[in-house]
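There are 4 protein chains.
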Amino acid sequence: METTIQASRRERRIAARKSTILYAAGRLFAEKGYHRTTTKDIAEAADVSEGTIYNYFISKDDLLFGIMTELTESGKLGEQLQSSYLEGPREFLLTILQQRYEFLQKNGDMLQAVLSEILVNPELRRRYYEELIIPSQELLEHHLRERIERGQIRLIDPSIAARILLAMLSGLFILQVVGDSVIRSEWETIAQLLTDILFEGVAPG
Amino acid sequence: METTIQASRRERRIAARKSTILYAAGRLFAEKGYHRTTTKDIAEAADVSEGTIYNYFISKDDLLFGIMTELTESGKLGEQLQSSYLEGPREFLLTILQQRYEFLQKNGDMLQAVLSEILVNPELRRRYYEELIIPSQELLEHHLRERIERGQIRLIDPSIAARILLAMLSGLFILQVVGDSVIRSEWETIAQLLTDILFEGVAPG
Amino acid sequence: METTIQASRRERRIAARKSTILYAAGRLFAEKGYHRTTTKDIAEAADVSEGTIYNYFISKDDLLFGIMTELTESGKLGEQLQSSYLEGPREFLLTILQQRYEFLQKNGDMLQAVLSEILVNPELRRRYYEELIIPSQELLEHHLRERIERGQIRLIDPSIAARILLAMLSGLFILQVVGDSVIRSEWETIAQLLTDILFEGVAPG
Amino acid sequence: METTIQASRRERRIAARKSTILYAAGRLFAEKGYHRTTTKDIAEAADVSEGTIYNYFISKDDLLFGIMTELTESGKLGEQLQSSYLEGPREFLLTILQQRYEFLQKNGDMLQAVLSEILVNPELRRRYYEELIIPSQELLEHHLRERIERGQIRLIDPSIAARILLAMLSGLFILQVVGDSVIRSEWETIAQLLTDILFEGVAPG
DNA sequence: GATGAATGAGGGTTCATTCAT
DNA sequence: AATGAATGAACCCTCATTCAT
């Protein structure tokens with residue numbers, strides 16, 4: 002029994018270490034970029050030796066992919082959205098916006114780090130697209146279609162509309178990363194106005 | 002006079018060479034990213050020696066800033082927008098979307114390369130924000146305010162609305178870069194639907 | 002008594018494990034060379050942990066010396082040669098050649114691996130020379146002197162002649178290792194011709 | 002004209018540098034082996050920076066191949082042997098032995114360095130065999146066949162005999178490298194006795 | 001101004017060895 | 001005695017930058 006507990010303690014320590022390294026890397030990548038972060042930096046930030054990194058990841062690239070995976074898993078548009086047709090469509094949109102906001106609060110750094118490389122690394126980009134964008138796109142599209150059928154929103158192309166929505170969310174993130182401080186501080190207002198515009202339009206009267 | 006002509010000829014030759022190098026660098030940065038492009042690569046692509054690059058740019062980073070400047074200059078939302086209040090607001094939005102599309106057609110690769118670094122290089126980011134984002138934001142905001150005053154669109158916060166519009170444009174670019182092929186192929190449809198939604202909303206009936 | 006038996010059982014187990022590790026190392030060294038073989042490779046091949054290797058050998062180098070010793074012990078020109086003066090000298094030479102051939106069949110790989118390091122590691126070289134070359138040289142020299150005294154071969158310097166013989170044997174090994182396939186396939190013919198030449202010479206008539 | 006001279010001076014300096022690096026590497030490889038020699042060592046020995054090595058050789062391995070090539074070029078059994086049928090066969094053998102001796106005096110270190118790796122690096126081994134062993138073997142074989150036809154030596158299989166000769170030469174080298182000091186100091190005596198034995202045999206009377 | 005050989009700091013990665021369990 | 005995670009020095013190699021020509 003003693004042994005079992007010890008073993009599991011060890012196992013837990015090991016699992017934790019992998020995670021520690023990954024988060025240290027993520028933080029640094031976001032801070033100064035993948036290429037300007039050295040394995041030495043990561044080792045120091047994670048408080049392990051450089052060699053240890055390679056007991057958990059096969060290469061520096063592998064860390065990036067690891068971060069990718071982490072994002073993928075926690076970054077999907079919540080499945081709960083699927084069973085939320087009972088909410089009105091406005092509430093639905095506000096919920097999505099809120100979810101995104103919280104996700105970015107938590108994973109913004111990592112997303113920023115990965116996004117930088119995605120723009121420039123085809124393999125990473127492919128994975129990002131297939132594992133994050135496509136599922137999100139499909140989820141939204143499906144949801145919109147349903148809402149349209151139920152007459153909760155008017156007849157528009159759900160595939161295009163889903164893209165517009167996703168672009169909106171991505172764009173707000175980019176703008177914020179690039180330096181716009183209003184987006185974060187006025188998120189509530191933005192979410193309200195955005196919902197308002199999308200549902201009512203800006204046409205006068 | 003002879004001297005003057007020679008000098009100006011020389012100046013032109015020098016300017017041309019500088020440009021050649023910058024474009025070669027831009028092409029390569031877009032292709033494989035800033036960090037994966039070596040000065041040797043650039044020298045070969047521009048058909049000069051590595052040393053020569055340093056006669057025109059003080060560092061590799063300086064090339065990036067040079068590209069930034071190039072983008073800044075051609076990337077501003079056209080000044081003609083300022084004097085286009087006569088157009089209806091829908092036409093105005095469609096014009097912007099069209100302009101953006103054309104700009105991205107031409108400079109998308111470079112923007113992609115620079116954006117990757119922007120996400121991760123504070124100094125570059127600051128310049129990008131100040132030289133491109135803020136002016137665009139202000140232009141749009143000003144324009145919206147004017148339209149609102151003229152009663153062409155209903156009363157909304159022009160500062161937030163401008164951000165939403167910019168986010169929209171940025172987001173569509175990102176989505177396309179990341180792999181969505183529909184955005185390019187269906188640009189017309191997207192522009193139409195987007196305009197439609199923004200003006201009329203998606204609320205049924 | 003119980004204890005004694007256990008101890009000896011234990012000793013045997015320990016000796017066996019030491020041997021397992023040594024052979025695993027030998028096999029790998031022969032396959033890809035000393036420096037390209039990692040302690041991890043050896044541990045896997047011997048089905049022990051890396052740490053365990055260090056319970057039996059003080060360092061990776063020590064494994065090489067261990068293999069050296071193994072070779073030294075099984076590689077000596079058979080002692081039986083010493084009491085074989087009754088055979089004719091031709092038979093004697095053929096016997097030596099046959100012995101060498103068999104030895105190389107069995108230990109060629111290890112010899113190859115060790116030889117590679119011998120050429121380049123002074124300490125190993127010294128041991129090889131003192132433990133293998135000198136004894137062989139002396140054995141042969143002594144044997145030749147005896148034969149000469151008995152009038153079975155003509156009067157030649159036995160020290161030099163022994164060296165020539167040893168060089169011959171070493172050279173055939175090297176040539177074979179380096180890629181000559183004939184040496185192995187035609188060993189019988191070579192042994193015959195070599196004996197023939199050494200005893201009768203190649204002068205015509 | 003000035004320019005031409007300068008250019009050629011530079012070219013000469015460059016060619017010399019490549020050679021300097023190669024010889025420094027060769028010396029060190031022979032001294033402590035390929036794997037124990039670092040590129041830093043080589044740089045220091047050649048009095049250049051580490052980076053400079055890579056302006057002339059694509060990798061550390063490439064240095065080894067460069068040494069190989071050097072040996073190949075200077076290591077071939079002299080072509081003059083081909084037109085030396087007028088000499089008696091004994092003189093011919095002595096000439097070969099003398100040539101080998103001189104070659105090893107000059108290139109022994111490099112040969113030793115390369116040989117160590119050859120034993121353990123298949124690609125290097127293949128090249129060594131094809132570029133050095135086979136040509137030597139064929140040259141000797143051809144020569145022996147000619148001598149046999151002219152009745153200068155008796156009827157023996159020239160292919161096998163050539164191998165025996167080559168083994169002899171290789172073996173003497175190995176023995177010397179491994180620590181036998183007599184071979185070098187008594188080379189004359191050895192050459193004489195070897196010739197004597199090969200032509201007259203050791204059979205008594 | 002143009003060249004490209006030379007530089008050397010610094011990069012990612014490996015691996016023999018140690019030691020807590 | 002056995003384990004294997006942790007270590008960190010050392011490795012080979014790259015590349016932005018310099019400078020003599």
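Residue numbers (this note's numbering), protein chains in the order written: chain V, 2 to 206; chain G, 2 to 206; chain P, 2 to 206; chain E, 2 to 206.
Heads up, the beta-carbon is just placed ideally off N, CA and C, and yes, glycines get one too.
Residue i: contacting residues in chain V (beta-carbon distance under 8 angstroms)
| i | result |
| --- | --- |
| P205 (chain G) | G152, Q153, I154 and R155 |
| Q113 (chain G) | L120 and V121 |
Beta-carbon neighbours of residue i, restricted to chain E and to distances below 9 angstroms
| i | result |
| --- | --- |
| T190 (chain P) | D158 and I161 |
| H36 (chain P) | G34, Y35, H36, R37 and V121 |
Buried or exposed by the 16-neighbour rule on C-beta atoms within 10 Å, applied to residue i
| i | result |
| --- | --- |
| E92 (chain V) | exposed |
| S171 (chain E) | buried |
| S117 (chain G) | buried |
| Q99 (chain G) | exposed |
| E103 (chain E) | exposed |
| Q106 (chain P) | exposed |
| R11 (chain G) | exposed |
| R164 (chain G) | buried |
| L23 (chain P) | buried |
| G89 (chain E) | exposed |
| A25 (chain E) | buried |
| R101 (chain V) | buried |
| D48 (chain G) | exposed |
| G152 (chain E) | exposed |
DSSP-derived helix/strand/coil call for residue i
| i | result |
| --- | --- |
| T190 (chain E) | helix |
| F30 (chain E) | helix |
| E124 (chain P) | helix |
| F58 (chain E) | coil |
| Y107 (chain G) | The sequence given here has Lys at residue 107 (chain G), not Tyr. Here K107 (chain G) sits in helix by DSSP. |
| R151 (chain G) | coil |
| K77 (chain V) | coil |
| I97 (chain V) | helix |
| R91 (chain V) | helix |
| H36 (chain V) | coil |
| D42 (chain E) | helix |
| T4 (chain E) | At T4 (chain E), the pLDDT of 46 sits below 50, so the modelled position is not reliable; the number obtained from the coordinates is stated separately. Reduced to three states, the DSSP call for T4 (chain E) is helix. |
| D63 (chain G) | helix |
| P136 (chain E) | helix |
| D197 (chain P) | helix |
| L156 (chain P) | coil |
| S9 (chain G) | helix |
| V203 (chain G) | coil |
| Y86 (chain E) | coil |
| S50 (chain P) | coil |
| G172 (chain V) | helix |
Contacts of residue i in chain P (Cβ-Cβ under 8 angstroms)
| i | result |
| --- | --- |
| R127 (chain E) | G180 |
| E89 (chain E) | In the sequence as displayed, the identity of residue 89 (chain E) is Gly instead of Glu. Ordered by position in chain P, no residue passes the 8 angstroms Cβ test against G89 (chain E), which lies about 11 angstroms from the chain. |
Chain G residues whose Cβ lies nearer than 7 angstroms to that of residue i
| i | result |
| --- | --- |
| L173 (chain V) | A168 |
| F66 (chain V) | Those within 7 angstroms of F66 (chain V) in chain G number zero; the least Cβ separation is about 16 angstroms. |
| L199 (chain V) | I198, G202 and V203 |
| I43 (chain V) | Within chain G, no residue comes near I43 (chain V); the closest Cβ sits about 15 angstroms away, beyond 7 angstroms. |
Under 7 angstroms by beta carbon: chain P residues contacting residue i
| i | result |
| --- | --- |
| F93 (chain E) | Here the premise fails: no neighbours, minimum Cβ distance about 12 angstroms. |
| S117 (chain E) | S117, L120 and V121 |
Contact list for residue i against chain V, beta-carbon separation under 9 angstroms
| i | result |
| --- | --- |
| Y130 (chain G) | V179, G180 and D181 |
| I165 (chain G) | M169, G172, L173, I191, L194, L195 and I198 |
| I134 (chain G) | L176, V179, G180 and D181 |
Amino acids of chain G, ordered along the chain, whose beta-carbon sits closer than 8 angstroms to that of residue i
| i | result |
| --- | --- |
| S137 (chain V) | Those do not exist, as S137 (chain V) stays about 10 angstroms from chain G at its closest Cβ, beyond 8 angstroms. |
*Using 8 angstroms as the threshold, is the stretch 28-37 of chain E in touch with the stretch 116-133 of chain P, meaning 3 or more CB pairs across them?*
Yes, they touch.
*Three or more C-beta pairs closer than 8 angstroms, one from the stretch 130-137 of chain G and one from the stretch 48-55 of chain G: is that the case here?*
The stretch 130-137 of chain G makes no contact with the stretch 48-55 of chain G, as fewer than three CB pairs between them are under 8 angstroms.
*Three or more C-beta pairs closer than 8 angstroms, one from the stretch 58-75 of chain E and one from the stretch 146-166 of chain P: is that the case here?*
Fewer than three pairs of CB atoms, one per stretch, sit closer than 8 angstroms, so the stretch 58-75 of chain E makes no contact with the stretch 146-166 of chain P.
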